[in-house]
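One structure is given below, encoded as structure tokens.
Residue numbers (the numbering used here): 53 to 465.
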């Protein structure tokens, strides 16, 4: 199947082909015809499978036809996203696909001055891409009018649920016209999201691509068991591999991301960090530097990384095992995109075994165990000095195994 077979407008098709797109992905094949026909659509597919184009192309096709409202443009399409990075990414895709079209798009999000966004909205926009909080700011100020919206998309709806945006999303939907087309796209589909869909969508058609619980098959997933204090040294050693050209490292916390970045830079690795404590300008510079290859490593937290769309990420490293299996799916999905090969490495400390077990149960298989020759697989149990005399002291790991005092360094096969 080709993009020509969808019946897209000529100018839009030129933009798609100019962007280098040849064949649509599975989610695009299933969702685009339904969206073009005006159906409400619920799309579920793994990260990196082309969900953005699955809703952006039908939006642009609709904007290219129908009423143009005359004079100043009115907002006819709305895309709501959980993060500023994802808002910017969607805006970039809209501009790229609509290269040969007269469609005006603006991304609005917090963390930057609202003035420029207000000026853009006053000039008239066809499409607004916004984070929930900033969009509500504009609604409260009266600087955006959504009464003419014909099509609305909730992008990464599961992440908006995780980040506590669902109440804000409901408030936004309530001010939209009842006669509209609604699409909801997500990598996972929790029950709360399904409830939201049933309440605000009209006979939605659900389309799915891939296996809900498995990361892309093209991703080679590996686990290194390592003492927490040795994680950074192992990471530095792994980064010496010439194939580790573009590496995304996930840290559980903002402070952890900064610490990892400093250690990497001290060892001679070009690295930068992206998290919510960084200003929008800093985040944009970090992401652009990583995209252009100025930095080998981008260290990110889960929330900040949502919306990162960098082609050619060679490896994702889970420096900390995520608490949620769904977060693991989102993390490793940053590599192996569009069926390209990729690697995902998870560094597992002694006290993270239970998180690893949850991930493996969720995806339905055991991940490959690896061991670096300079860092034998081991767990350390720190024994307080005051308890060293307890010859019979035993300690239990999260997996239920017991260790005597004489085996505080446990070798793992």
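Where is the CB? At the ideal position from N, CA and C, for every residue including glycine.
Three-state class that DSSP yields for residue i in the structure shown
i: residue 252; result: helix
i: residue 506; result: An answer regarding residue 506 cannot be provided, because it is not within the stretch 53 to 465 covered by the chain.
i: residue 272; result: strand
i: residue 421; result: strand
i: residue 300; result: strand
i: residue 80; result: helix
i: residue 261; result: strand
i: residue 196; result: coil
i: residue 63; result: helix
i: residue 291; result: coil
i: residue 221; result: helix
i: residue 427; result: strand
i: residue 92; result: coil
i: residue 179; result: strand
i: residue 117; result: coil
i: residue 324; result: strand
i: residue 277; result: strand
Residue range of the unbroken alpha helix (DSSP H) whose run includes residue i
i: residue 399; result: Note, residue 399: premise wrong, no alpha helix (DSSP H); beta strand (DSSP E) at 394 to 400.
i: residue 187; result: 184 to 193
Residue from the options whose Cα sits closest to the Cα of residue i
i: residue 466; options: 321, 382, 284; result: Only positions 53 to 465 of the chain appear in the structure, and residue 466 is not among them; the question remains open.
i: residue 114; options: 136, 150, 143; result: 150
i: residue 260; options: 81, 55, 245, 73; result: 81
i: residue 271; options: 218, 249, 100, 138; result: 100
i: residue 204; options: 219, 188, 251, 224; result: 224
i: residue 275; options: 71, 421, 69, 293; result: 421
i: residue 245; options: 222, 193, 230, 153; result: 222
i: residue 385; options: 400, 239, 341, 142; result: 239
i: residue 376; options: 410, 343, 112, 161; result: 410
i: residue 329; options: 112, 158, 128, 163; result: 163
i: residue 425; options: 345, 350, 311, 278; result: 278
Where the beta strand (DSSP E) through residue i begins and ends
i: residue 370; result: 367 to 370
i: residue 350; result: 349 to 352
i: residue 238; result: 233 to 238
i: residue 227; result: Neither: residue 227 is in no beta strand (DSSP E) and is coded neither H nor E.
i: residue 160; result: 157 to 160
i: residue 207; result: 203 to 207
i: residue 27; result: It is not possible to answer for residue 27, since the shown part of the chain is limited to 53 through 465.
Neighbourhood of residue i by C-beta, 7 Å cutoff - its chain only, sequence neighbours within 5 removed
i: residue 58; result: 84, 85, 88
i: residue 103; result: 79, 95, 97, 237
i: residue 295; result: 366
i: residue 256; result: 92, 93, 94, 249
Cβ neighbours of residue i in the same chain (closer than 6 Å, five flanking residues each side left out)
i: residue 126; result: 200
i: residue 437; result: Residue confidence is low: residue 437 scores 37 on pLDDT, short of 50, so the model does not pin down where it sits. Its coordinate-derived value is still stated next. So the list is empty, once near-sequence residues are dropped.
i: residue 173; result: 195, 196
i: residue 327; result: 306, 309, 353, 356
i: residue 241; result: 96
i: residue 176; result: 124, 125
Residues of its chain near residue i, where Cβ-Cβ distance is below 8 Å and the 5 sequence neighbours each way are ignored
i: residue 65; result: 55, 56
i: residue 288; result: 315, 316, 319, 321
Test: residue i CB closer than 8 Å to a CB of chain D
i: residue 64; result: Protein chains in the displayed structure number just one, and chain D is not present.
*Would you be able to state if there are at least three C-beta pairs under 8 Å between the stretch 363 to 376 and the stretch 300 to 314?*
yes
*If we count Cβ pairs, one from each stretch, closer than 8 Å, do we get three or more for the stretch 228 to 235 versus the stretch 245 to 258?*
yes
*asked:* I want to know whether the stretch 207 to 223 touches the stretch 176 to 185 - three or more CB-CB distances under 8 Å.
replied: yes
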